[in-house]
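Position one of the sequence shown corresponds to residue 1 (the UniProt record's numbering), numbered consecutively onward.
Cβ coordinates follow ideal geometry from the N, Cα and C atoms, glycine included.
What follows is a set of notes on a single structure, which appears directly below.
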Amino acid sequence: MSEVNEEVKAICEKIKAGDLVGLMDAFRVNPELLKERPDGETFLHLAVIHNKKEIMEFFMLRGIGVNEKNDRGEAPIHKVVSKDALDMLLSRGGDMNAQDAKGRTFIHNGALHNECALVDYLALKGANLNVKTAKGITPLMQAVAGGHLKMIEILIAMGADVNAQDADGDTALHTAVLYENPEVVKMLALHDAKMNVKDSDDMTPLAEAQAKNLMHIARLLMQFGAKE
């Protein structure tokens, strides 16, 4: 391993350990190390991942941009694990709706991984809950795919579009059927999901349920007005 790689590895360990003094010493000796990107991440990304707020401040003061992206197009805000870190990034101009290379925002990731507190907090601060990925996926669709009932409730209550369609024409209700989740189907139906929207294959949620022989879901959909 080269000397620079050894130095970068040592810096990563100092970030993880919260060793601010050690970091100050390392960059005083070799300030050019700030340009390094271990595994495609900036050092600010790593500080956010490890929830080290003093070290986040250290790197922002030394010029690593609050919206600077890693090799996957993710901004530091994509990596947030606490409200305090989120507040710090936002106070420095962090973009709460930043999208990665696939068009995903923090809300997409939070919805998929059931980060209810952070998603709710960011929604209250005005995050766009209906941003679509490159494939047209919304955060609500991610929550539906994960079967996260509380997250679904939060997103809908905060303004998520229940009837948005992805690039294939599927709605959140189509997604609930595809993931064979009757509880989610019922929740969406109770929040005014349209029963008879067709996707690009001319399939309604009911048609999808019938094609998968999910007759319990098919019956549920028909109870809420789905037409054959």
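_At the level of alpha carbons, what is the spacing between Asp202 and Pro38?_
The sequence position of residue 202 within the sequence shown is 202, counting from 1. The sequence position of residue 38 within the sequence shown is 38, counting from 1. One Cα belongs to Asp202, the other to Pro38, and the distance between them is close to 46 Å.
*How should Met24 be labelled, buried or exposed, when 16 other C-beta atoms within 10 angstroms of its C-beta is the threshold for buried?*
Position 24 of the sequence shown, counted from the first residue, corresponds to residue 24. When all chains shown are included, Met24 counts as exposed.
*asked:* If you follow the alpha helix (DSSP H) that His174 is in, where does it begin and where does it stop?
replied: In the sequence shown, residue 174 corresponds to position 174, counting from 1. Looking at the DSSP string, the run of the alpha helix (DSSP H) that includes His174 is Ala172 to Leu178.
*Looking only at C-alpha atoms, which of Thr138, Ser82, Thr204 and Leu33 sits nearest to Arg62?*
In the sequence shown, residue 62 corresponds to position 62, counting from 1. For Arg62, the nearest C-alpha among the options comes from Leu33.
*Put Gly40 into one of helix, strand or coil per three-state DSSP.*
Locating residue 40 in the sequence shown gives position 40, counting from the first residue. Under the three-state reduction of DSSP output, Gly40 falls in the helix class.
*How would you label Arg72, buried or exposed, when you count the other beta carbons within 10 angstroms and need 16 or more for buried?*
Residue mapping note: residue 72 aligns to position 72 of the sequence shown, counting from 1. Result: exposed.
_Contacting residues, own chain, Cβ-Cβ under 6 Å from Val81 (five flanking each side not counted)_ = As a working mapping, residue 81 is identified with position 81 in the sequence shown. Within the same chain, Val81 has close Cβ partners Asn51.
_Leu123: first and last residue of the uninterrupted alpha helix (DSSP H) it sits in_ = The sequence position of residue 123 within the sequence shown is 123, counting from 1. The question names Leu, but residue 123 in the sequence shown is Ala. First-last of the alpha helix (DSSP H) with Ala123: Cys116 to Leu124.
_Coarse secondary structure for Gln99, derived from DSSP in three states_ = Here residue 99 is taken as the residue at index 99 of the sequence shown, counted from 1. Residue state, collapsed to three classes: coil.
*asked:* Whole angstroms are fine: how far does the CA of Asp170 sit from the CA of Lys198?
replied: Working through the sequence shown from its first residue, we reach residue 198 at position 198. Working through the sequence shown from its first residue, we reach residue 170 at position 170. So the two alpha carbons sit approximately 7 Å from each other.
*Does DSSP put His108 in a helix, a strand or coil?*
Counting from 1 along the sequence shown, the entry for residue 108 is found at position 108. Residue state, collapsed to three classes: helix.
*Just how far apart, CA to CA, sit Ile49 and Lys79?*
Indexing the sequence shown from 1 puts residue 49 at position 49. Indexing the sequence shown from 1 puts residue 79 at position 79. One C-alpha to the other measures close to 5 Å.
*Return the chain-ordered ranges of every alpha helix (DSSP H) run that is complete within the UniProt repeat "ANK" (135-167) and spans a minimum of 4 residues.*
Taken in chain order, the complete alpha helix (DSSP H) segments of 4 or more residues contained in the UniProt repeat "ANK" (135-167) are 139-146 and 149-157.
*CA-CA distance, Ser200 and Gly110?*
Within the sequence shown, residue 200 is the residue found at index 200, counting from 1. Within the sequence shown, residue 110 is the residue found at index 110, counting from 1. Roughly 28 Å between the two C-alpha positions.
*Could you name the residues of the same chain whose beta carbon sits closer than 8 Å to that of Arg92, not counting the 5 residues immediately before and after it, in chain order?*
Counting from one through the sequence shown, the residue named residue 92 turns up at place 92. Cβ neighbours of Arg92 beyond the five flanking positions: Met60 and Val66.
*Determine the direct distance from the alpha carbon of Leu173 to that of Asn163, and round the result to whole angstroms.*
For the purposes of this step, residue 163 is identified with residue 163 of the sequence shown, where counting begins at 1. For the purposes of this step, residue 173 is identified with residue 173 of the sequence shown, where counting begins at 1. Distance between Asn163 and Leu173, taken at the CA atoms: about 8 Å.
*asked:* Less than 7 Å between C-beta atoms, sequence neighbours within five positions excluded: which residues of the same chain meet that for Glu208?
replied: To locate residue 208, count along the sequence shown from 1; it is residue 208. Sequence-distant Cβ neighbours of Glu208 in its own chain, meaning closer than 7 Å and more than five residues away, are His174, Val177 and Leu178.
*Give the straight-line distance between the Cα atoms of Gly126 and Ile107, rounded to the nearest whole angstrom.*
Within the sequence shown, numbered from 1, the residue matching residue 126 stands at position 126. Within the sequence shown, numbered from 1, the residue matching residue 107 stands at position 107. Whole-angstrom Cα-Cα distance: 11 Å.
_Here's the rule: buried if 16 or more other CB atoms are within 10 angstroms of the residue's CB, otherwise exposed. What is Asn5?_
Here residue 5 refers to the residue found at position 5 of the sequence shown. Exposed, by the Cβ-count rule.
_With a threshold of 6 Å on Cβ separation, who are the neighbours of Gly136 within its own chain once the five nearest residues in sequence on each side are excluded?_
To locate residue 136, count along the sequence shown from 1; it is residue 136. Asp166 and Ala167, listed in sequence order.
*Between the C-alpha atoms of Ala85 and Pro205, what's the straight-line distance to the nearest angstrom?*
The residue you call residue 85 lines up with position 85 of the sequence shown. The residue you call residue 205 lines up with position 205 of the sequence shown. Rounded to the nearest angstrom, the two C-alpha atoms are 40 Å apart.
_With 16 other Cβ atoms within 10 Å as the buried cut-off, status of Met151_ = Taking the first residue of the sequence shown as position 1, residue 151 is located at position 151. Met151 is buried by the Cβ-count criterion.
*Note down the Cα distance separating Glu180 from Gly159, rounded to an integer number of angstroms.*
In the sequence shown, residue 180 corresponds to position 180, counting from 1. In the sequence shown, residue 159 corresponds to position 159, counting from 1. The C-alpha of Glu180 lies about 25 Å from the C-alpha of Gly159.
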